[in-house]
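A.B. asks:
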Amino acid sequence: MKSSLICLMRYQGFILIGTIPRVCLWWCHFFLLWITIDGQTRYSIPEELKQGSLVGNLAKDLGLVVSELYRRKLRITSEAGKQYFSMDLGKGELVVIDRIDREELCGQRPSCVLPLELVIDDPLQLHRVEIEIQDTNDNYPSFLTKEKVVKIAELVNPGARFPLESAQDPDVGTNSVRSYLISKNDNFKLTVKNHKDGRKIPELVLEKPLDREKLPVHNLILTAVDGGDPVRSGTSEITVIVLDNNDNAPQFERQVYEANVSEKATPGTEILHVKATDADEGLNGEIEYYFAEQTADLILSLFDIDASTGAVVVKGTLDHETNSLHRFDITAKDKGNPEMDGHCGVEIKIVDINDNIPEIIVTSLTSPVAEDSAIGTVIALLSAKDPDSGDNGKVTLMVSSKSPFKLNPSVSNHYSLVTNGPLDREKNGRYSVKITATDSGRPPLSSEKIIRVELLDVNDNPPVFSQPSYVVHVKENHPPGKILCSLTASDPDSGENAKVSYSILDSKVQDVSVSSYVYINSENGSIYSMHSFDYEKLKVFQIQVQAKDQGSPSLSSNATVHVFILDQNDNAPAVIYPSSAALGSVSHQRMPRSAKAGHLVTKVTAVDADSGHNAWISYKLAEATDASLFTVNLYTGEVRTKRAVSEQDDSSQRLLIEIRDDGEPVQSSTVTVSILLEDGLHEPILDLRQKVSEPSKKNGRITLYLILSLASVSVLSLLTFLVLAVKCIRNSRSSGSCCMRRSDCDDYKNPNRNLQIQLNTDGPIKYVEVLGGDMLSQSQSFRSCMSPMSEYSDFTLIKPSSTTDFKEVISVLDASLPDSTWTFESQQVSRNIMQILSLYCSGGFEIVDLSVCLSVFAQCLVKIFRIDAATLRVPIRSPLIGWWKWMLCTNRIQNCTKQSSPCPQHPASTL
0 MKSSLICLMR
10 YQGFILIGTI
20 PRVCLWWCHF
30 FLLWITIDGQ
40 TRYSIPEELK
50 QGSLVGNLAK
60 DLGLVVSELY
70 RRKLRITSEA
80 GKQYFSMDLG
90 KGELVVIDRI
100 DREELCGQRP
110 SCVLPLELVI
120 DDPLQLHRVE
130 IEIQDTNDNY
140 PSFLTKEKVV
150 KIAELVNPGA
160 RFPLESAQDP
170 DVGTNSVRSY
180 LISKNDNFKL
190 TVKNHKDGRK
200 IPELVLEKPL
210 DREKLPVHNL
220 ILTAVDGGDP
230 VRSGTSEITV
240 IVLDNNDNAP
250 QFERQVYEAN
260 VSEKATPGTE
270 ILHVKATDAD
280 EGLNGEIEYY
290 FAEQTADLIL
300 SLFDIDASTG
310 AVVVKGTLDH
320 ETNSLHRFDI
330 TAKDKGNPEM
340 DGHCGVEIKI
350 VDINDNIPEI
360 IVTSLTSPVA
370 EDSAIGTVIA
380 LLSAKDPDSG
390 DNGKVTLMVS
400 SKSPFKLNPS
410 VSNHYSLVTN
420 GPLDREKNGR
430 YSVKITATDS
440 GRPPLSSEKI
450 IRVELLDVND
460 NPPVFSQPSY
470 VVHVKENHPP
480 GKILCSLTAS
490 DPDSGENAKV
500 SYSILDSKVQ
510 DVSVSSYVYI
520 NSENGSIYSM
530 HSFDYEKLKV
540 FQIQVQAKDQ
550 GSPSLSSNAT
560 VHVFILDQND
570 NAPAVIYPSS
580 AALGSVSHQR
590 MPRSAKAGHL
600 VTKVTAVDAD
610 SGHNAWISYK
620 LAEATDASLF
630 TVNLYTGEVR
640 TKRAVSEQDD
650 SSQRLLIEIR
660 DDGEPVQSST
670 VTVSILLEDG
680 LHEPILDLRQ
690 KVSEPSKKNG
700 RITLYLILSL
710 ASVSVLSLLT
720 FLVLAVKCIR
730 NSRSSGSCCM
740 RRSDCDDYKN
750 PNRNLQIQLN
760 TDGPIKYVEV
770 LGGDMLSQSQ
780 SFRSCMSPMS
790 EYSDFTLIKP
800 SSTTDFKEVI
810 SVLDASLPDS
820 TWTFESQQVS
830 RNIMQILSLY
840 CSGGFEIVDL
850 SVCLSVFAQC
860 LVKIFRIDAA
870 TLRVPIRSPL
880 IGWWKWMLCT
890 NRIQNCTKQS
900 SPCPQHPAST
910 L
């Protein structure tokens, strides 16, 4: 059991294994050991292992998951160039795949370590593995010369020493040459001289005097023995020739000569001098110097020696990186007969100079790299190599400061190239990273290497439209399927992340999905109409278009398309007065025979559903029983007499009036008016214009009286409003009602009841609607119709129509203004009433009740449109003023209706 005892010792992170008997040590060679120091794993194996031999279970020792090795693309690189090992990904084991000869890899170096680099992706990791190759005694000691001749003078005294050739053994350590033996003889013995470098030099020592007459030649066998197990040996034959005369051999001043020479020394450079002396005289004392017989060919190619002076000079090109130390022997021979020789050793150290440029080795490179990689992501693994020694071999790697990368030093001149900032493929899709390697020599040498890093696109940019909103104008009645517009969105990403598809977001247009009106080509962004549009039903609508890429996750952006429908003249004028004519029948009118020229017989009023110039209406008398009796105003449609009616005129007159718009093409309609001339029929309406045009003192007095009357009424109205306001305020504080009985207020307590205003400015007939009522019930409507070209227009009430939201009215108010100028003219308007209205409209009074609101609204109409308060007629000839007043009043009234809870008992009376 003693022979199997194994001793384990831990020292500075190494596990040392020793055995009590030597045999157990060899078992330890095959029982593979491993250690990990500072991230490095070391295995120790003997040389000459068979292919497939197990080195170690790397997956287990490094803590790797065997099932992930293939996916993570584990690979092994060797600095030796040749690959001696491979990884069994199925088991995670490191195995030998080629013959390993320690002497071939490391020569005579005492330690032979083969470094490996284990690279694993996803995430990128580097593990350094060192394989220590242990020597086995697989080489025999050998001599360069199998036969050596030594000439010794007969008279040499005992004790003289004659150096012999050393044996060479490629093995190291205990397997190298340990001792020398000489064959048995009577005159010589063998001693071994140990050099400071560890070499053993055998020397032949003369024990007894030589006698040439008895034995002129001595044949000896020199045996070199190593320390391996089993022991291996080599031999050389030594022939000693006994000479008759010349009894003194040359002697060197030193046994070993040492010198240093720079590796850049040119041929012919003198390195050192060797010097030997000979006690003899004459030819026996003349000395010549030669390289020893066993000198290697490499030494003979690098150095030369002057035979007469002993100067050793450079012959070839020296290289410190190839061999930094050269050892050889020099022989000094005299010219005696027989000739005698002496020996010395020479050691020449080659001094390193910084003559090698550092080399950058890319061990692993991950490319392409995702542009959203976090800071610190490993991109590449690098190493630096410089065959020079000392400071000349110390290499530092640097990366350009402008690039978003940096170098992190690792073990043994290894570096990792990692990200040092955000990456953006859209700004720079490829980086050329310049790595600079600089050694510490004087002067320093450097080299550069460009590493190209491709960026992998990530979907980090949404599609961007060329503009945030688009405006499209399309004519009404256009054929379905017509392209409205094309939208374009660009995505700076690439590949699938840059493929954009278009869609329309669902929204409502007049309570109908927008997809019922238009559709979009998902590939090119072209928008098409589903059917034709009618301007009179739909004037403008919006489309929300979404552009979405194909990335994961997908990104999108929206754009708004404003579609404006352009009006076409597709509606003929429609007659609204006379009402009978509007229904398609003949309008019957009566007129006194006493009517004079300019008498207003009737007025034809028509409207056109179109807008702009398409809605400008003109009137023309197409046919008449007597064309000389009547005339029709081109713009107002007023039918007047051109002359006084005579007795000869027929009592029944028939007029055909044509109503035309100003569109292209022109649309028209006709109305037939039948006029009956009667005797004794008085005129209900005086011709005020003629009255006014006749200046007289009587008219002036009447005007003065009328002004005074209006002023009095205005003052009384003001006082009445003030009293009512004070009373309403007091009553509202106590009972919450104003100007009405609580029992009569049920119909007006509904909070949904609102006041709506509708202004129509399309066409020559201008009218304003005041709408009040429940949202779910039929609203009460009060409409004022006015013709912009009429001198006198009635303020009439028209049948209720559909309500329109007040905000929509205000939003399209400016867009609906006519192109021509409205003119208004007012006659006999009270200044006091206008001042009161101004206070109401500007907020001078606190409006606290719906009745007051309605009153203010009616008075605002009077103020803005200059309605005659006495006759409710609107003379329109001066410029339309105060659109801003209209907005101010309506806003004031809207605020009032929101605050008021009670309501008037008779709302119509306020008008």
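Counting from 0, one number per residue, gives the positions in the sequence shown under numbering that gives the first Met the number 0.
Note that the Cβ used here is the ideal one computed from N, Cα and C, for glycine as well.
Note that the coordinates shown come from a computational prediction; the quantities given were computed from them, not determined experimentally.
1. Given that a residue counts as buried once 16 or more other Cβ atoms are within 10 Å of its Cβ, and exposed if not, what is residue 173?
2. Name the residue from 167, 516, 531 whose alpha carbon lies nearest to the alpha carbon of residue 541.
3. Measuring straight from C-alpha to C-alpha, what distance separates residue 410 and residue 103?
4. Tell me the start and end of each unbroken alpha helix (DSSP H) in the segment 296-321 that is at least 4 residues and wholly inside, in chain order.
5. Sort out for me which residues DSSP pairs residue 674 with in a bridge.
6. Counting only the same chain and skipping the five closest in sequence on each side, list residues whose C-beta sits under 6 Å from that of residue 159.
7. Could you round the C-beta distance between residue 331 and residue 251 to whole angstroms and report it? I think they count as a contact, below 8 Å.
8. So does the segment 536-553 actually touch the segment 496-508, counting three or more Cβ pairs closer than 8 Å?
9. May I ask you to verify whether the segment 433-443 touches the segment 391-408, counting CB pairs closer than 8 Å and requiring at least 3?
10. Could you tell me if residue 711 is buried or exposed, where buried requires 16 or more neighbouring beta carbons within 10 angstroms of its beta carbon?
11. Would you grab the beta carbon distance between residue 140 and residue 225 for me? Rounded to a whole angstrom, and I think it's under 8 Å.
12. Consult DSSP for residue 596 and reduce its assignment to one of helix, strand or coil.
13. What are the start and end residues of the beta strand (DSSP E) that includes residue 379?
14. Grab me the residues of residue 272's own chain with a C-beta within less than 6 Å of its C-beta, minus the 5 sequence neighbours each way, in chain order.
15. How many angstroms separate the CA atom of residue 598 from the CA atom of residue 630?
16. I believe residue 431 touches residue 449 by the beta-carbon criterion, under 8 Å. Please report the beta-carbon distance rounded to the nearest angstrom.
17. I need the boundaries of the beta strand (DSSP E) containing residue 134, first residue and last residue.
18. Would you report the Cα separation of residue 568 and residue 520, rounded to the nearest angstrom?
19. Compare the Cα-Cα distances from residue 592 to each of 539, 544, 646, 632 and report the closest residue.
20. Going by C-alpha distance, which of 221, 128, 248, 554 is nearest residue 488?
21. With burial defined as no fewer than 16 other Cβ atoms inside 10 Å of the residue's Cβ, what is the status of residue 704: buried or exposed?
22. Over the uninterrupted alpha helix (DSSP H) stretch that includes residue 291, give me the two end residues.
23. Please report the distance separating the alpha-carbon of residue 375 from that of residue 114.
24. Quick check on the DSSP output: the beta strand (DSSP E) that includes residue 87 runs from which residue to which?
25. Give the DSSP-derived three-state secondary structure of residue 404 in the structure shown.
26. According to DSSP, residue 484 sits in a beta bridge with which residue or residues?
27. Please list, in chain order, all residues of the same chain as residue 184 whose beta carbon is under 7 Å from its beta carbon, the five residues on each side excluded.
28. Run through DSSP, which three-state label would residue 76 get?
29. Let me confirm a value: residue 626 is counted as buried when at least 16 other C-beta atoms fall within 10 Å, else exposed. Which label applies?
30. Assuming residue 316 contacts residue 235 (C-beta within less than 8 Å), just tell me the rounded distance between them.
31. Looking at the secondary structure, which residues open and close the beta strand (DSSP E) in which residue 223 lies?
32. So does the segment 607-615 actually touch the segment 527-541, counting three or more Cβ pairs closer than 8 Å?
33. With DSSP as the reference, label residue 434 as helix, strand or coil.
34. DSSP three-state call for residue 260: helix, strand or coil?
35. Pop quiz: residue 83 and residue 77 are said to be a contact at Cβ under 8 Å. What is the actual Cβ separation, rounded to whole angstroms?
36. Where does residue 342 land, buried or exposed, given buried means 16+ other C-beta within 10 angstroms?
C.D. replies: Reading from the atomic positions:
1. Residue 173 is exposed by the Cβ-count criterion.
2. Out of 167, 516, 531, the CA that lies nearest to the CA of residue 541 is found in 516.
3. Their Cα atoms are separated by approximately 26 Å.
4. Listed in chain order, they are 296-301.
5. According to DSSP, which records beta bridges pairwise, residue 674 is partnered with 588, 652.
6. These residues qualify, in order along the chain: 205.
7. Confirmed, about 6 Å.
8. With a cut-off of 8 Å, the segment 496-508 and the segment 536-553 count as touching, because enough Cβ pairs lie within range.
9. As far as the Cβ criterion goes, the segment 433-443 touches the segment 391-408, which means the pair count is three or higher.
10. Exposed is the call here.
11. Rounded, the Cβ-Cβ distance is 6 Å, consistent with contact.
12. Residue 596 falls in the coil class under three-state DSSP.
13. First-last of the beta strand (DSSP E) with residue 379: 377-384.
14. Hits under 6 Å: 309, 310.
15. In a straight line, the C-alpha of residue 598 is about 10 Å away from that of residue 630.
16. The Cβ separation is near 5 Å, so the contact holds.
17. Careful: residue 134 lies outside any beta strand (DSSP E) and carries neither H nor E.
18. Taking the straight line from one Cα to the other gives about 31 Å.
19. The residue from 539, 544, 646, 632 with its alpha-carbon nearest to that of residue 592 is 646.
20. When only C-alpha atoms are compared, the closest one is 554.
21. Answer is exposed; the Cβ neighbour count stays below 16.
22. Per DSSP, residue 291 belongs to no alpha helix (DSSP H) and is neither H nor E.
23. Approximately 26 Å, taken between the alpha carbons.
24. Annotation for residue 87: the continuous beta strand (DSSP E) segment containing it runs 84-87.
25. The three-state reading of DSSP puts residue 404 in strand, counting E and B together.
26. The partner list for residue 484 (beta bridge, DSSP) reads 526.
27. Cβ-Cβ distances below 7 Å link residue 184 to 217, 219 in the same chain, with the five nearest sequence neighbours on each side left out; the list follows chain order.
28. Three-state result, residue 76: strand.
29. With fewer than 16 other Cβ atoms from the protein chains shown falling within 10 Å of its own Cβ, residue 626 counts as exposed.
30. Taking the Cβ atoms as the reference, residue 316 lies roughly 32 Å from residue 235, outside the contact range of under 8 Å.
31. First-last of the beta strand (DSSP E) with residue 223: 216-225.
32. Three or more beta-carbon pairs separated by less than 8 Å link the segment 607-615 to the segment 527-541, which places the two stretches in contact.
33. Correct three-state label for residue 434: strand.
34. Of the three classes helix, strand and coil, the one that applies to residue 260 here is strand, per DSSP.
35. Their Cβ separation, rounded to whole angstroms, is 7 Å, which keeps residue 83 and residue 77 in contact under 8 Å.
36. So residue 342 counts as buried.
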